[in-house]
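Report on one structure; see the data block that follows.
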Amino acid sequence: MPRKPPSLLMPHSILIEHAVNNHPRTRSILSRFPEIKPRYIRSITDAPETTTHRTMILAKHNGTTVVPCPGTPAYLCCNYHIINIGIGCAYRCTYCFLHQYRNTYGHILYMNIEDAVNTLRHMEATGALSFKRIGTGEFTDSLLYDEITGYSRLLIQFFAQKNLCLELKTKSAHINHLLDLNHGKKTVMA
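In terms of this note's numbering, the sequence shown is residues 4 to 193.
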């Protein structure tokens with residue numbers, strides 16, 4: 004069983020959207036924090052304003068799960084795409100753009116990452132998969148809570164079989180839980 008995050012990243016509270024209450028990943032995460040009594044909310048928008056960066060919000064990602072990078076106007080697009088695994092970061096680096104970009108209470112983790120894998124499978128089957136690079140670190144650190152979510156394990160195993168490159172952007176040095184995976188030289192951690 005994966006270990007808990009370092010104490011700096013340990014949540015003080017957990018909020019759960021009703022939509023993911025019975026999701027296997029939600030149940031797995033809760034089993035790692037038996038000392039925390041979760042609170043249930045209808046949606047992310049119901050999270051109290053008193054939540055902090057030490058609040059973990061387990062939610063369902065609604066909408067498109069694989070999106071093109073918004074890019075920068077007047078620059079050549081590199082055709083990079085994004086899987087949104089969550090929003091916010093518990094590292095609280097003073098220089099990070101996430102503080103200004105998104106004013107989110109707590110750290111949101113999306114439980115339905117399998118939807119993104121299914122989207123990629125569908126895009127591949129229909130010939131709509133025209134890009135080669137995809138990452139998970141636009142709105143959060145890719146490996147922040149990875150040891151308890153299992154996101155990267157699922158994605159690395161999927162990408163190892165594809166003609167795609169998975170980019171995991173992180174400040175974390177906690178990668179031991181991924182070193183045994185056959186990545187097929189299709190994953191970059193930076």
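The C-beta atom is built at its ideal place from N, Cα and C for all residues, glycine as well.
Residue-chain proximity (residue i, chain D), Cβ-Cβ < 9 Å
{"i": "E52", "result": "In the displayed structure, chain D is absent; only one protein chain is listed."}
When the options are compared against residue i, the one with the closest alpha-carbon
{"i": "T173", "options": "H180, F161, L146, L167", "result": "L146"}
{"i": "K40", "options": "L171, S46, I32", "result": "I32"}
{"i": "Q160", "options": "S133, L184, S46", "result": "L184"}
{"i": "F100", "options": "I178, L167, E170, G140", "result": "G140"}
Distance, residue j Cα to residue i Cα
{"i": "K63", "j": "M126", "result": "21 Å"}
{"i": "I116", "j": "A77", "result": "32 Å"}
{"i": "F119", "j": "C72", "result": "The question names Phe, but residue 119 in the sequence shown is Ala. So the two alpha carbons sit approximately 15 Å from each other."}
{"i": "I85", "j": "H110", "result": "18 Å"}
{"i": "R57", "j": "V191", "result": "28 Å"}
{"i": "H15", "j": "Y94", "result": "15 Å"}
{"i": "V23", "j": "T29", "result": "7 Å"}
{"i": "L123", "j": "T143", "result": "21 Å"}
{"i": "K188", "j": "A163", "result": "7 Å"}
Contact check, residue i vs residue j, beta carbons under 9 Å
{"i": "I19", "j": "L61", "result": "yes"}
{"i": "H21", "j": "I44", "result": "yes"}
{"i": "H186", "j": "E150", "result": "no"}
{"i": "G138", "j": "L182", "result": "no"}
Residue i classed as buried or exposed, judged by whether at least 16 other C-beta atoms fall within 10 angstroms
{"i": "T53", "result": "exposed"}
{"i": "L158", "result": "buried"}
{"i": "Y98", "result": "exposed"}
{"i": "N166", "result": "exposed"}
Inter-residue CB distance, residue i and residue j (contact presumed, cutoff 8 Å)
{"i": "T67", "j": "L112", "result": "18 Å between Cβ atoms; not a contact."}
{"i": "N82", "j": "F134", "result": "5 Å"}
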